[in-house]
């Protein structure tokens, strides 16, 4: 069994083929998926999907840094209400993205801090996005996160230096199909052996980050490709895919308190 710990199932490309996507995932042994929400609207849509597939789907509730500027003044109260739903197991995808700055940096920080505080209040893990903003992200987490807060660094692509800084805070790590791309995975491959195996989960980030090397090349990424990611990670770690599937599925269930 595999667990996709990060799929953008509200994306139109996946949504319009939802029954087929869910069936293909099941056939590939991907028995559970976590929907990433990046806005209030996506959080509401994800709730509907979780109610449609309650055995297979759980979700986050949050506002991505790209969407921070569009968040209404009442976003924190609205998120708090949405996070009451039983399918919500984490707050996010939230964080900082100083690479593209689709939202002003001060607005990103304000929306991020509000979500850190909400995660503290609700005792839920933080599902974190960070790009070119590690110094400020760690500063804000150190300042506002409860000492016992659980943090997942989603789609980790960094090297040993970044890994060490997040490990010092006790973070969990999500690895995606980035690991399959030999053109840009050298830093991640160097970090992987030092990554704590009991805090590693696998994510597709579908429909994005299609693992390189699948033939014929699909039109988009899907949860059914978690085993492709898993095979690459298992090979890099010198373990069997079966052992990795069991480990990462158990990890995800612990991380998201799924019993």
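Numbering (this note's numbering), first residue to last: 43 to 301. Even glycine gets a Cβ: it sits at the ideal position worked out from N, Cα and C.
DSSP three-state assignment for residue i, whether helix, strand or coil
i: residue 262; result: coil
i: residue 98; result: coil
i: residue 108; result: helix
i: residue 254; result: coil
i: residue 298; result: coil
i: residue 172; result: strand
i: residue 193; result: strand
i: residue 212; result: coil
i: residue 103; result: strand
Residue interval of the alpha helix (DSSP H) (run including residue i)
i: residue 177; result: 176-186
i: residue 208; result: 202-209
i: residue 154; result: 147-164
i: residue 226; result: Neither: residue 226 is in no alpha helix (DSSP H) and is coded neither H nor E.
i: residue 242; result: First-last for residue 242: 242-244, but that is the beta strand (DSSP E), not the alpha helix (DSSP H).
i: residue 61; result: 60-69
i: residue 234; result: Element bounds for residue 234: n/a, residue is neither H nor E.
i: residue 55; result: 54-57
Beta-carbon proximity of residue i to residue j, cut-off 8 Å
i: residue 164; j: residue 154; result: no
i: residue 111; j: residue 81; result: no
i: residue 67; j: residue 102; result: no
i: residue 218; j: residue 176; result: no
i: residue 193; j: residue 168; result: yes
i: residue 182; j: residue 151; result: yes
i: residue 100; j: residue 264; result: no
i: residue 196; j: residue 245; result: yes
i: residue 281; j: residue 238; result: no
i: residue 200; j: residue 170; result: no
i: residue 121; j: residue 104; result: yes
i: residue 294; j: residue 283; result: no
i: residue 156; j: residue 202; result: no
i: residue 162; j: residue 129; result: no
i: residue 50; j: residue 249; result: yes
i: residue 198; j: residue 174; result: no
i: residue 124; j: residue 89; result: yes
Neighbour-count burial assignment, residue i, 16 or more Cβ in a 10 Å radius
i: residue 126; result: exposed
i: residue 94; result: exposed
i: residue 74; result: buried
i: residue 184; result: exposed
i: residue 266; result: buried
i: residue 77; result: buried
i: residue 107; result: buried
i: residue 301; result: exposed
Residue span of the beta strand (DSSP E) that contains residue i, given as start and end
i: residue 119; result: Note, residue 119: premise wrong, no beta strand (DSSP E); alpha helix (DSSP H) at 117-124.
i: residue 138; result: 130-139
i: residue 48; result: 44-49
i: residue 271; result: Careful: residue 271 lies outside any beta strand (DSSP E), inside the alpha helix (DSSP H) at 268-279.
i: residue 74; result: 72-77
Proximity to residue i [Cα-Cα], best of the options
i: residue 261; options: 213, 251 and 245; result: 251
i: residue 87; options: 57, 128 and 242; result: 57
i: residue 222; options: 158, 294, 268 and 238; result: 268
i: residue 288; options: 134, 143 and 242; result: 242
i: residue 136; options: 123, 116, 159 and 128; result: 159
i: residue 46; options: 115, 108 and 215; result: 215
i: residue 211; options: 220, 240, 180 and 114; result: 180
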